[in-house]
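Working notes, beginning with the structure itself.
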Amino acid sequence: MKKFDYDTLNNLVLTPEMVNKMNQIYELRGQMANLRLKNPAVLTRMTKVAKIESTDASNRIEGIYTSQTRLKKLVSQTTTLQNRSEAEISGYRDVLNLIHTNFREINLTTSNILTLHKHLFRLTEDSWGGHFKDINNQVLETTENGETTVRFNPPAAHLTPNLVDELCQQFSEAVDRSKLPVLLLCAAFTFDFVTIHPFRDGNGRMSRLLMLLTLSRAGFTVGQFISLEKLIEEQKDAYYAILQESTVGWSENSNNYGPFINFFLSVVLQTYRDFHDRLTPLPTDFEKITPKRDSRSTTKPKRLTPQLLVMNALQEALIPINKQQIMNAVPQYSQKTIERTLRQLVDAHSVKMSGRSRGTKYQLA
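Residue numbering for the sequence shown follows UniProt numbering, beginning at 1 and increasing consecutively.
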């Protein structure tokens, strides 16, 4: 029988890496209130951008797309729906707006989760919105060569209502008891919810919406200004791999929450770093290392090396990232230059490489 041990999280062992990330999150959150007071106009723009990015990214993870032009119109509600994808995107927009506006009043209960799911699908022709699954389902994974495999068999449909009830109760009581940091509890709730897979459709999207909700209710409101979903989409392969790793032994109450919690903390920490970077722009690396020169000087400033920029990108990423993500973070240089730089850094043992072919990832050594 599945039990949710939210007092110990299956005797979770906190690593120094997890503790360091939590300390940084709390420190940055402490600075956030002052930054918000100083930049109200900027925050308004950031909120609008975050809603667009969150709606786009969370749906793209599930293979639901539209053009950027249509997306902006849908999020701003200045157009009519043209197809099924736009109906699902608009449903996500509506639930996101509900959470942004009313998160303090939305308790984590089965009834409220069903209501949010109903809103998610209310613009579609589906009848399952707001109802738990009535048939057993599977969590599938598609490999690079197109083969589909079963990653996990969630609990049977008839067990789902009681499991969600128990999950909500154990989470809420654990938050009140405060035996574990609330950040860890939010991560565990997000993971357990998506592992239960309680709906016929929309489980991934609901888990990310509930991630935003639990964090906001716990006082970590950065997801209103920086898209959590976008950061997850950028690391989608790692996200699915970590879900699989933490799922092993879940039904027997022996799974290790650690991998997912570590990933969760990385995402939250990155959102706070992005928030502070946008509101407190620091000198660029070039400005830090280049002395000020007389305005009459004709000497041209030196361009930052690709080695420095790649190392900075890996430092900011916190977890292993692929070549495309590095190229996105270092647009100053060509693909060939980035590839050559990565080879040099790997040969110098400054960067570690894991995986093969398209699954190759890089991280600081």
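Cβ atoms here follow ideal geometry from the backbone N, Cα and C, with glycine treated the same way.
Here the structure is a predicted model, which means the values were calculated and not measured.
Subject >> Option in Asn-203, Thr-55, Leu-314, Lys-336 with minimal Cα separation from Asp-94 >> reply: If we check each option's Cα against that of Asp-94, Thr-55 comes out closest.
Original post:
So the beta strand (DSSP E) Gln-363 belongs to, where does it begin and stop?
Top reply: 361 to 364
Original post:
Residues in its own chain within less than 7 Å of Asp-294 by CB, not counting five upstream and five downstream?
Top reply: The predicted position of Asp-294 is uncertain, since its pLDDT is 45 and thus under 50; a value taken from the coordinates is nonetheless stated next. Closer than 7 Å at the Cβ level, and outside the excluded window around Asp-294, lies no residue.
Original post:
For Leu-183, which of Glu-234, Tyr-240, Met-18, Tyr-362 has the nearest alpha-carbon?
Top reply: Met-18
Original post:
Among Val-139, Gln-138, His-158, which one has its Cα closest to the Cα of His-131?
Top reply: His-158
Original post:
How close, in whole Å, do the beta carbons of Ile-226 and Asp-274 come, if the pair is a contact with beta carbons under 8 Å?
Top reply: Between Ile-226 and Asp-274, the beta carbon gap of about 5 Å places them in contact (Cβ cut-off 8 Å).
Original post:
Which of helix, strand or coil does DSSP assign to Leu-120?
Top reply: The DSSP-derived three-state label of Leu-120 is helix.
Subject >> Cβ neighbours of Leu-213 in the same chain (closer than 7 Å, five flanking residues each side left out) >> reply: Ile-99, Phe-103, Ile-106
Subject >> Runs of alpha helix (DSSP H) lying entirely within the region 318 to 351, each at least 4 residues, in chain order >> reply: 323 to 329, 335 to 347
Original post:
In whole angstroms, what separates the C-alpha of Asn-136 from that of Ala-156?
Top reply: Going from the Cα of Asn-136 to the Cα of Ala-156 covers about 5 Å.
**OP:** Determine the DSSP secondary structure at Phe-152, reduced to helix, strand or coil.
**Re:** strand
Subject >> Endpoints, the alpha helix (DSSP H) within which Val-267 is located >> reply: Element bounds for Val-267: 258 to 279.
Original post:
residue 367 by DSSP, collapsed to three states: which one?
Top reply: Absent from the model: residue 367. The displayed extent of the chain is 1 to 365, so no value can be given.
Subject >> Where Glu-125 falls: helix, strand or coil (DSSP) >> reply: Of the three classes helix, strand and coil, the one that applies to Glu-125 here is coil, per DSSP.
**OP:** Just confirm the distance between the C-beta atoms of Met-32 and Val-222, as a whole number of angstroms; I'd bet it's less than 8 Å.
**Re:** 7 Å
Original post:
In three-state terms, what does DSSP make of Glu-141?
Top reply: The answer is strand: DSSP assigns Glu-141 an E or B state.
Subject >> Reduced DSSP secondary structure (H/G/I, E/B, other) of Ser-67 >> reply: Residue state, collapsed to three classes: coil.
Original post:
Among Glu-234, Arg-36, Phe-260, Asn-97, which one has its Cα closest to the Cα of Leu-9?
Top reply: Comparing alpha carbon positions, the residue from Glu-234, Arg-36, Phe-260, Asn-97 closest to Leu-9 is Phe-260.
Original post:
Using the rule of at least 16 other Cβ atoms within 10 Å of the residue's Cβ for burial, across every protein chain shown, is Ser-67 buried or exposed?
Top reply: exposed
Original post:
Exposed or buried, Arg-356, counting other C-beta atoms within 10 Å across all chains shown (16 or more means buried)?
Top reply: exposed
Original post:
Is the number of C-beta pairs between the region 228 to 238 and the region 200 to 217 that are closer than 8 Å three or more?
Top reply: yes
Original post:
Using DSSP with H/G/I as helix, E/B as strand and the rest coil, what is Met-1?
Top reply: coil
**OP:** Could you check the C-alpha separation between Gly-146 and Arg-358 for me, to the nearest Å?
**Re:** C-alpha separation (whole angstroms): 14 Å.
Original post:
Can you check whether the CB of Leu-163 is closer than 8 Å to the CB of Val-150?
Top reply: With contacts defined by Cβ atoms closer than 8 Å, Val-150 and Leu-163 do not form a contacting pair.
Original post:
Should Thr-80 be counted as a contact of the ligand NAP given a C-beta to heavy atom distance under 7 Å?
Top reply: What this structure holds is no ligand at all, so the ligand NAP is not there to describe.
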